[in-house]
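> Take the position in the sequence shown, starting the count at 1, then add 10; the result is the number in this note's numbering. Virtual Cβ for every residue (Gly too), placed ideally from N, Cα, C.
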Amino acid sequence: MSDTTSSMPPVSQRLANDDRMPRSSKLPPAPRYDFFGVVQGYLDAAAKLAGTPEHVRTILSQPKSEIIVHFPVRMDNGEVRLFKGYRIQHNDTLGPYKGGMRYHEDVSLDDVKALASVMTWKCALMGLPFGGAKGGVKFNPRSVSRAELSRVTRRFFHSLGGNIGPDYDIPAPDVGTNAQTMAWALDTYMNTVGVVSKQAVLGVVTGKPVSIGGTLGREKATGQGLVHCVRRWAELNKFDLQGKKLILQGYGNVGSNVALLLGQLGVSLVAVGDHTGYLVNPEGFNAYRLKQYVEKTGSIAGYPNGSAISREDFFSFQADLFVPAALENQVGPTEAEALQVRLVAEGANGPCSPEGEDVLKRRGIDILPDVLANAGGVTASYYEWVQNRRSEQWTLEDVDDRLERAMLDAYARMEQYARNKECDYRTACYAVALERLAKAYLDREIFP
Ligand code: NAD
Numbered sequence: 011m012s013d014t015t016s017s018m019p020p021v022s023q024r025l026a027n028d029d030r031m032p033r034s035s036k037l038p039p040a041p042r043y044d045f046f047g048v049v050q051g052y053l054d055a056a057a058k059l060a061g062t063p064e065h066v067r068t069i070l071s072q073p074k075s076e077i078i079v080h081f082p083v084r085m086d087n088g089e090v091r092l093f094k095g096y097r098i099q100h101n102d103t104l105g106p107y108k109g110g111m112r113y114h115e116d117v118s119l120d121d122v123k124a125l126a127s128v129m130t131w132k133c134a135l136m137g138l139p140f141g142g143a144k145g146g147v148k149f150n151p152r153s154v155s156r157a158e159l160s161r162v163t164r165r166f167f168h169s170l171g172g173n174i175g176p177d178y179d180i181p182a183p184d185v186g187t188n189a190q191t192m193a194w195a196l197d198t199y200m201n202t203v204g205v206v207s208k209q210a211v212l213g214v215v216t217g218k219p220v221s222i223g224g225t226l227g228r229e230k231a232t233g234q235g236l237v238h239c240v241r242r243w244a245e246l247n248k249f250d251l252q253g254k255k256l257i258l259q260g261y262g263n264v265g266s267n268v269a270l271l272l273g274q275l276g277v278s279l280v281a282v283g284d285h286t287g288y289l290v291n292p293e294g295f296n297a298y299r300l301k302q303y304v305e306k307t308g309s310i311a312g313y314p315n316g317s318a319i320s321r322e323d324f325f326s327f328q329a330d331l332f333v334p335a336a337l338e339n340q341v342g343p344t345e346a347e348a349l350q351v352r353l354v355a356e357g358a359n360g361p362c363s364p365e366g367e368d369v370l371k372r373r374g375i376d377i378l379p380d381v382l383a384n385a386g387g388v389t390a391s392y393y394e395w396v397q398n399r400r401s402e403q404w405t406l407e408d409v410d411d412r413l414e415r416a417m418l419d420a421y422a423r424m425e426q427y428a429r430n431k432e433c434d435y436r437t438a439c440y441a442v443a444l445e446r447l448a449k450a451y452l453d454r455e456i457f458p
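Below is the structure:
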């Protein structure tokens, strides 16, 4: 169903990508994946292992605030559409809420709750002075014009009002959003605070263009952080990356930078997929040219130097590394049985279902969990926020050096915990994060 058809009912009757609207009348509704329940399961397992006090575990099992806004936007054809936006603030014990904004037709309250809580664990694991949040708008950003996208963003951030702020809740890009989205968000927020405060609120969003307070190195940071983890994993496992093969799902911000940076270590991208389908090139794709192509056309569809393959053939393609960098719940038991790789490094949040993860473990395929593997983005966002507060501009080398140290330190914390407690890496990441949060709760106690 097009989001911009002219025969729309009036705004009072219609919500963009309403939950009640079947996406196609021919397809039965897909069974719902309980992403929030899955993350709760990880929390429970880690809390048991870490000996987290029961009241702390209970507090952390739910977000502090769940904000849902409905806001009208005038579309290019003059009609007014009502959009639904979310901001879930999971925890702010260690610092301001922090997390991305997602624009996607499948955005739902439970998924955003899950993603917000993952941000809490991620920031705690990395030792950042941030809590966790996530948000988004339920619509397909590819179905609207650039001008409409700007108005959706501005109206969304305007309707969030004082629910975000540089010392309170700091959004960033995620699926379907980018530096341009953050530029519109910043401009909107700045225009609501009064002229004398404008410069003081530069840090209200991160992942901004460098021209307006963004940091050098943020665009590639999530991919860069993942590549630091893969390099460390390879060292520990005496696995020579040179000449190895990568299959990659998602060729947006995270995926394209992973392909480019792993390419610099001698790893070639042999199969790639996105929302339009999957392509293979046994000789290896030119990651840079493919990135340019996707930036121009919006997807990998029609890229001349690859042959189309099915999703099934993609997952069973012989390679060494698999990086999911699209959406959650992509690797279930079927995909996990099919994969012919040594390592799954989670660029996306929650790409493996627990059942899929069990199969990977049984088959001896290692997993670098999302909480660590894609934490480079929020870490560089922290550097951006610090620069904004201090009115500084760090060099790329400075950002890169700090990021590398932060990723390797966090990797060491995870690895050491897993070795000591004989648990898997995901549980270790959650447990390290929980220990930090539990200490803060025990020191501060519960008010009043
Ligand atoms: P993006 O919008 O830039 O790219 C998303 C990619 O996923 C696109 O290539 C899109 O075509 C593909 N995709 C969407 N639906 C798909 C489907 N059904 N099957 C296959 N591919 C599909 O988003 P991004 O910022 O690269 O984020 C990707 C993942 O990484 C998300 O899980 C996000 O939460 C996570 N992440 C992003 C950042 C960041 O800094 N951007 C940080 C940490 C984690």
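1) Give me, in chain order, the residues of the same chain whose beta-carbon lies closer than 7 Å to that of Gly294; leave out the 5 immediate sequence neighbours on both sides.
2) What do you reckon, are the CB atoms on Ala195 and Val215 nearer than 7 Å?
3) Could you check where the alpha helix (DSSP H) with Gly265 kicks off and where it finishes?
4) Quick one: using the 10 Å Cβ neighbour count with 16 as the cut-off for buried, is Phe140 buried or exposed?
5) Please state the DSSP three-state secondary structure of Pro458.
6) Taking only heavy atoms of the ligand NAD into account, decide whether any of them is closer than 6 Å to the Cβ of Thr232.
7) Per DSSP, which one or two residues make a beta bridge with Val354?
8) Closer than 6 Å: is that where the CB of Leu337 sits relative to any heavy atom of the ligand NAD?
9) Among Leu300, Asp250, Leu251, Gln234, which has the Cα closest to the Cα of Tyr261?
10) Given a threshold of 16 other Cβ atoms within 10 Å of its Cβ, counted over all protein chains shown, does Asp453 qualify as buried or as exposed?
11) Per DSSP, what are the beta-bridge partners of Ala182 in this structure?
12) Using three-state DSSP, classify Asp197 as helix, strand or coil.
13) For the beta strand (DSSP E) containing Glu76, name the first residue and the last one.
14) What span of residues does the beta strand (DSSP E) with Gln99 cover, start to end?
15) With respect to 6 Å, is the separation between the Cβ of Tyr261 and the closest non-hydrogen atom of the ligand NAD below this value?
16) On the DSSP bridge assignment, give the partners of Ile257 in chain order.
17) Taking the beta carbon of Leu406 as the centre, do at least 16 other beta carbons fall within 10 Å, making it buried, or is it exposed?
18) Would DSSP call Ile319 helix, strand or coil?
So, from the listed chains and residues:
1) A distance below 7 Å between beta-carbons, with the five flanking residues on each side excluded, links Gly294 to the following residues of its chain, in chain order: Ser278, Leu279, Val280.
2) Yes, these two residues count as a Cβ contact at 7 Å.
3) Judged by DSSP secondary structure, Gly265 falls within the alpha helix (DSSP H) whose first and last residues are 263 to 273.
4) Under the 10 Å beta carbon count, Phe140 is surrounded by 16 or more other beta carbons and is classified as buried.
5) DSSP, reduced to helix, strand and coil, places Pro458 outside both helices and strands of the structure shown, so it counts as coil.
6) Yes, the ligand NAD has a heavy atom inside 6 Å of this Cβ.
7) Assignment of beta-bridge partners to Val354 by DSSP yields Phe332, Ile377.
8) At least one heavy atom of the ligand NAD falls within 6 Å of the beta-carbon of Leu337.
9) Restricting attention to Leu300, Asp250, Leu251, Gln234, the CA atom closest to the CA of Tyr261 is found in Leu300.
10) With fewer than 16 other Cβ atoms within 10 Å, it is exposed.
11) DSSP output for Ala182 lists Gly110 as bridge partner(s).
12) In this structure, Asp197 counts as helix in the three-state DSSP scheme.
13) Residues 75 to 84.
14) From DSSP, the beta strand (DSSP E) with Gln99 extends over 90 to 101.
15) Tyr261: yes, Cβ under 6 Å from the ligand NAD.
16) DSSP lists Ala281, Phe332 as the beta-bridge partner residues of Ile257.
17) Looking at its Cβ environment, which holds fewer than 16 other Cβ atoms inside 10 Å, Leu406 is exposed.
18) The three-state secondary structure of Ile319, taken from DSSP, is strand.
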